[in-house]
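Engineer: Each position in the sequence shown, counted from 1, maps to that position plus 1158 in the numbering used here.
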Amino acid sequence: MRRPGFKYLNPANYPSHFVLTLGLLLALSCTPTQKTSTHQPLNIIVIMADDLGYETIGAYGGSSYQTPEIDRMAANGMRFDHCYAQPLCTPSRVKLMTGIYNVRNYVRFGLLDKSQTTFGNLFRKAGYATCIVGKWQLGKDPAGPQQAGFDQHCLWQVREGRIDSTGRDTRFSKPVLEVDGQLKTFSDTDYGPEIVSEYGLDFIEKSHHEGKPFLLYYPMILTHCPFSPTPNSPEWGVDDSAVMTYKGQAHYFEDMVAEMDGIVGKINRKLEVLGIQDNTLLVFTGDNGTDVPVVSVVDGKEVAGAKGQSTDAGTRVPLIIQWPNEIKANSSSVDLVDFSDFLPTLSEAANIKVPDSLAIDGRSFLPQLRGESGQPREWIYNWYSRSGDPSKASVFARTHRYKLYESGAFYEVPKDAKEQYPLEIEALDADAAAIYQMLNAVLVRYKKQRLNKISKQHLMQ
1159 MRRPGFKYLN
1169 PANYPSHFVL
1179 TLGLLLALSC
1189 TPTQKTSTHQ
1199 PLNIIVIMAD
1209 DLGYETIGAY
1219 GGSSYQTPEI
1229 DRMAANGMRF
1239 DHCYAQPLCT
1249 PSRVKLMTGI
1259 YNVRNYVRFG
1269 LLDKSQTTFG
1279 NLFRKAGYAT
1289 CIVGKWQLGK
1299 DPAGPQQAGF
1309 DQHCLWQVRE
1319 GRIDSTGRDT
1329 RFSKPVLEVD
1339 GQLKTFSDTD
1349 YGPEIVSEYG
1359 LDFIEKSHHE
1369 GKPFLLYYPM
1379 ILTHCPFSPT
1389 PNSPEWGVDD
1399 SAVMTYKGQA
1409 HYFEDMVAEM
1419 DGIVGKINRK
1429 LEVLGIQDNT
1439 LLVFTGDNGT
1449 DVPVVSVVDG
1459 KEVAGAKGQS
1469 TDAGTRVPLI
1479 IQWPNEIKAN
1489 SSSVDLVDFS
1499 DFLPTLSEAA
1509 NIKVPDSLAI
1519 DGRSFLPQLR
1529 GESGQPREWI
1539 YNWYSRSGDP
1549 SKASVFARTH
1559 RYKLYESGAF
1569 YEVPKDAKEQ
1579 YPLEIEALDA
1589 DAAAIYQMLN
1599 AVLVRYKKQR
1609 LNKISKQHLM
1619 Q
């Protein structure tokens, strides 16, 4: 059947050699080798919101805030229902960037040990353009971002601290940022999250026009306190007092979530405009649970933020991944995902080999992204000490259902999310007792591995 309005060739009107040549060209255009030759390396964008638990996102059943852009990502990609970070920012960042459990390479708060290899190092070595924007807080050496594998950066809190000489927090209004090694103080009308995100958007466009695959790592400044007005708040430019305190005013959290969601939307639209959305793996997650003053509603139940705590509300974070033509739209997974799993997953997706010498702890969940069964985790291990002091560490191993601390406390998490009623070990049924033994073996396995993946000469720097 001929389609109306479509002009068809009549072979009788053309010389035989023309028809033969045309047929050969059409045949060649349909061969598999032609498709392979036009394949482009995969772009990677990792967005990690600051202090944002799973309960804040609409796609997870959250009803306290509007997150249409992140929800759209979930509708176009895959939502992971059991992704677990560390309870606090620096421990999560070190784990995510290196693929190694904190027990083996976390030194202290605000530091990434210089001896560590990050996904930035791996991607840059593989020929990727690399960039990090947002929040650094991994050491005060101006060369730190470069050493971690990033060619370009626009970051808050590299060499400067959290506040200026007046006690003003410098990440939101009138931000102080490090831009490719240059310290810059912006005006009262500038907003830190917008400046760093615009830098990231420019990096995406520049890399695309130069024909280079890119890795953009965006550990966001939002939604960390001080809870303060955004450019879309009525108080913006009128009342800036909230940034003079550590916590600010909790009612601004809703505005900050909306601002964060809008930035995710801008990044997605940039990919669409450039025509590279299908060739870009876009990740959205959070670095730990929501901050303590914030109470949100998810599936009709209130969840109080528990940042800094090892409970579900302190460690369970959203994980949504979009990769058109590879990930089935509106899909979900209940597999356990640990922050150490990001490095091997991203590397495998980009066909970058992780050297065996790194001895990472993470496990790739790329097969699950593609709808395959893969090799899901049976358990997650967590070693957390803000200061790095082992005597103050909260150490546990968990499955979906059960959680065992090194102290011996054993909880059934779905029935006791706040971990108030430890189970009696002697009263466990056979199945629960078997899981207890498995988790105990995990704790024993890692007990003696403190700092066995760092160069000791960096400890005192």
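Note that beta-carbon positions come from the ideal geometry of N, C-alpha and C, so glycine has one too.
Could you give the distance in angstroms between the alpha-carbon of Gly1447 and the alpha-carbon of Ala1243?
Structural biologist: Numbered from 1 along the sequence shown, position 289 holds the residue referred to as residue 1447. Numbered from 1 along the sequence shown, position 85 holds the residue referred to as residue 1243. Their backbone Cα atoms lie some 8 Å apart in a straight line.
Engineer: In its own chain, which residues sit with a C-beta less than 6 Å from the C-beta of Ser1646, not counting the 5 before and 5 after it?
Structural biologist: The structure shown does not extend to residue 1646, since the chain is modelled only from 1159 through 1619, so no value can be given for it.
Engineer: For Leu1347, count neighbouring C-beta atoms within 10 Å of its own C-beta (all shown protein chains included) and say buried if the count is 16 or more, exposed if not.
Structural biologist: Translated into positions along the sequence shown, residue 1347 becomes position 189. Per the sequence shown, residue 1347 should be read as Thr rather than Leu. With fewer than 16 Cβ atoms within 10 Å of its Cβ, Thr1347 is classed as exposed.
Engineer: Got a sec, what are the start and stop residues for the alpha helix (DSSP H) Tyr1594 sits in?
Structural biologist: In the sequence shown, the residue the question calls residue 1594 occupies position 436. Where Tyr1594 is concerned, the enclosing alpha helix (DSSP H) stretches over Ala1588 to Tyr1604.
Engineer: Do you know how far the Cα of Phe1267 is from the Cα of Gly1325?
Structural biologist: Here the question's residue 1325 lines up with position 167 in the sequence shown. Here the question's residue 1267 lines up with position 109 in the sequence shown. Rounded to whole angstroms, Gly1325 to Phe1267 spans 21 Å at the Cα level.
Engineer: Rounded to the nearest angstrom, what separates Leu1607 and Trp1541 at their Cα positions?
Structural biologist: Position 449 of the sequence shown, counted from the first residue, corresponds to residue 1607. Position 383 of the sequence shown, counted from the first residue, corresponds to residue 1541. The sequence given here places Gln at residue 1607; Leu does not occur at that position. The straight-line gap from Cα to Cα measures roughly 11 Å.
Engineer: For my contact list, Asp1239 and Val1456 are in at a C-beta cut-off of 8 Å; report their separation, rounded to the angstrom.
Structural biologist: Reading the sequence shown from its first residue, position 81 is the one you call residue 1239. Reading the sequence shown from its first residue, position 298 is the one you call residue 1456. 12 Å between Cβ atoms; not a contact.
Engineer: Would you check if there are 3 or more beta carbon pairs closer than 8 Å linking the region 1380-1399 to the region 1434-1442?
Structural biologist: They do not touch, by the three-pair rule.
Engineer: Please say whether Asn1201 and Phe1372 have beta carbons closer to each other than 8 Å?
Structural biologist: Counting from one through the sequence shown, the residue named residue 1372 turns up at place 214. Counting from one through the sequence shown, the residue named residue 1201 turns up at place 43. Against a cut-off of 8 Å, the Cβ pair of Asn1201 and Phe1372 comes out as a contact.
Engineer: Consult DSSP for Gly1546 and reduce its assignment to one of helix, strand or coil.
Structural biologist: Residue mapping note: residue 1546 aligns to position 388 of the sequence shown, counting from 1. Of the three classes helix, strand and coil, the one that applies to Gly1546 here is coil, per DSSP.
Engineer: Using only CA atoms, which one of Gln1224, Leu1210 and Lys1511 lies nearest to Gly1216?
Structural biologist: Reading the sequence shown from its first residue, position 58 is the one you call residue 1216. If we check each option's Cα against that of Gly1216, Gln1224 comes out closest.
Engineer: Would you mind giving the Cβ-Cβ distance between Leu1269 and Gly1297, rounded to the nearest angstrom? I have them listed as a contact below 8 Å.
Structural biologist: As a first step, residue 1269 must be located in the sequence shown, where it is residue number 111. As a first step, residue 1297 must be located in the sequence shown, where it is residue number 139. Correct: roughly 5 Å between the Cβ atoms.
Engineer: Hey, could you find the ends of the beta strand (DSSP E) Asp1360 is sitting in?
Structural biologist: The residue you call residue 1360 lines up with position 202 of the sequence shown. Where Asp1360 is concerned, there is no enclosing beta strand (DSSP E), although the alpha helix (DSSP H) it sits in stretches over Gly1350 to His1367.
Engineer: If we ignore side chains and look at the alpha-carbon of each, how far apart do Tyr1286 and Lys1370 end up?
Structural biologist: Counting from 1 along the sequence shown, the entry for residue 1286 is found at position 128. Counting from 1 along the sequence shown, the entry for residue 1370 is found at position 212. Going by the C-alpha atoms only, they are around 7 Å apart.
Engineer: Can you give me the start and stop residues for the beta strand (DSSP E) that Cys1241 sits inside?
Structural biologist: Counted from its first residue, the sequence shown places residue 1241 at position 83. Taken as a continuous stretch (DSSP letters only), the beta strand (DSSP E) holding Cys1241 covers Met1236 to Tyr1242.
Engineer: Let me know the secondary structure DSSP gives Ala1306 once reduced to three states.
Structural biologist: Walking along the sequence shown from the start, residue 1306 turns up at place 148. Ala1306: coil per DSSP, three-state reduction.
Engineer: Scan the region 1398-1459 and note each continuous beta strand (DSSP E) run of 3 residues or more that stays entirely inside, going in chain order.
Structural biologist: 1438-1444 and 1453-1456, all fully within the region 1398-1459.
Engineer: In this structure, what does DSSP give as the bridge partners for Asp1327?
Structural biologist: For the purposes of this step, residue 1327 is taken as residue 169 along the sequence shown, with counting starting at 1. Partner(s): Ile1321.
Engineer: Name the residue from Arg1559, Ala1575 and Leu1581 whose alpha carbon lies nearest to the alpha carbon of Ser1565.
Structural biologist: In the sequence shown, residue 1565 corresponds to position 407, counting from 1. Among Arg1559, Ala1575 and Leu1581, the Cα nearest to that of Ser1565 is on Leu1581.
Engineer: Residue range of the alpha helix (DSSP H) that Cys1383 falls in?
Structural biologist: Residue 1383 sits at position 225 when you count from the first residue of the sequence shown. Note, Cys1383: premise wrong, no alpha helix (DSSP H); not H, not E.
Engineer: In chain order, what residues of the same chain have a beta carbon less than 6 Å from the beta carbon of Tyr1375, not counting five sequence neighbours either side?
Structural biologist: One-based indexing of the sequence shown puts residue 1375 at position 217. Correct list, in chain order: Val1204 and Ile1290.
Engineer: Got a sec, what are the start and stop residues for the beta strand (DSSP E) Leu1335 sits in?
Structural biologist: Against the sequence shown, residue 1335 aligns to sequence position 177. Val1334 to Val1337 is the extent of the beta strand (DSSP E) around Leu1335.
Engineer: If you draw a straight line from the alpha carbon of Ala1232 to that of Lys1428, how long is it in whole angstroms?
Structural biologist: Residue 1232 sits at position 74 when you count from the first residue of the sequence shown. Residue 1428 sits at position 270 when you count from the first residue of the sequence shown. So the two alpha carbons sit approximately 18 Å from each other.
Engineer: According to DSSP, Phe1554 sits in a beta bridge with which residue or residues?
Structural biologist: Start at 1 with the first residue of the sequence shown, and residue 1554 comes out as number 396. Beta-bridge pairing links Phe1554 to Asn1540 and Tyr1563.
Engineer: Is Val1571 closer than 8 Å to Tyr1563 when the C-beta atoms are compared?
Structural biologist: As a position in the sequence shown, residue 1563 is number 405, starting the count at 1. As a position in the sequence shown, residue 1571 is number 413, starting the count at 1. No, Cβ-Cβ distance for Tyr1563 and Val1571 is not below 8 Å.
Engineer: Per DSSP, which one or two residues make a beta bridge with Gly1292?
Structural biologist: Within the sequence shown, numbered from 1, the residue matching residue 1292 stands at position 134. The partner list for Gly1292 (beta bridge, DSSP) reads Leu1313.
Engineer: Compute the Euclidean distance between the alpha carbons of Ser1505 and Val1512, then round it to the nearest angstrom.
Structural biologist: Taking the sequence shown and counting its residues from 1, the one referred to as residue 1505 is at position 347. Taking the sequence shown and counting its residues from 1, the one referred to as residue 1512 is at position 354. Each residue's alpha carbon lies about 7 Å from the other.
Engineer: Starting from Asn1201, trace the beta strand (DSSP E) both ways and give me its first and last residue.
Structural biologist: Walking along the sequence shown from the start, residue 1201 turns up at place 43. Unbroken beta strand (DSSP E) run through Asn1201: Asn1201 to Ala1207.
Engineer: Which one of Ile1583, Asp1587, Ala1585 and Lys1561 has the shortest CA to CA distance from Ala1575?
Structural biologist: Here the question's residue 1575 lines up with position 417 in the sequence shown. Answer by Cα proximity: Lys1561.
Engineer: What are the boundary residues of the beta strand (DSSP E) that includes Val1475?
Structural biologist: One-based indexing of the sequence shown puts residue 1475 at position 317. Segment Arg1474 to Gln1480, the beta strand (DSSP E) holding Val1475.
Engineer: Need the endpoints of the alpha helix (DSSP H) that Leu1516 sits in, please.
Structural biologist: The count along the sequence shown starts at 1 and reaches residue 1516 at position 358. Where Leu1516 is concerned, there is no enclosing alpha helix (DSSP H), given that its DSSP letter is neither H nor E.
Engineer: If you run the structure through DSSP and keep just helix, strand and coil, what is Gln1526?
Structural biologist: As a working note, residue 1526 is residue 368 in the sequence shown. DSSP places Gln1526 in helix when its eight states are reduced to three.
Engineer: So, with DSSP's three-state summary, where would you put Val1461?
Structural biologist: Within the sequence shown, residue 1461 is the residue found at index 303, counting from 1. In this structure, Val1461 counts as strand in the three-state DSSP scheme.
Engineer: Within 10 angstroms of its Cβ, does Tyr1357 collect 16 or more other Cβ (buried), or is it exposed?
Structural biologist: In the sequence shown, the residue the question calls residue 1357 occupies position 199. By the neighbour-count rule (16 or more Cβ atoms within 10 Å), Tyr1357 is buried.
Engineer: According to DSSP, is Lys1193 part of a helix, a strand, or is it coil?
Structural biologist: In the sequence shown, residue 1193 corresponds to position 35, counting from 1. For Lys1193, the pLDDT reaches just 33, beneath the cut-off of 50, and the residue's location in the model is therefore unreliable, leaving the point undetermined.
Engineer: Between Ser1365 and the rest of its own chain, which residues show a CB-CB distance below 7 Å, the 5 nearest in sequence each way excluded?
Structural biologist: Taking the first residue of the sequence shown as position 1, residue 1365 is located at position 207. Excluding residues within five positions, the ones whose Cβ falls inside 7 Å are Ala1287 and Phe1372.
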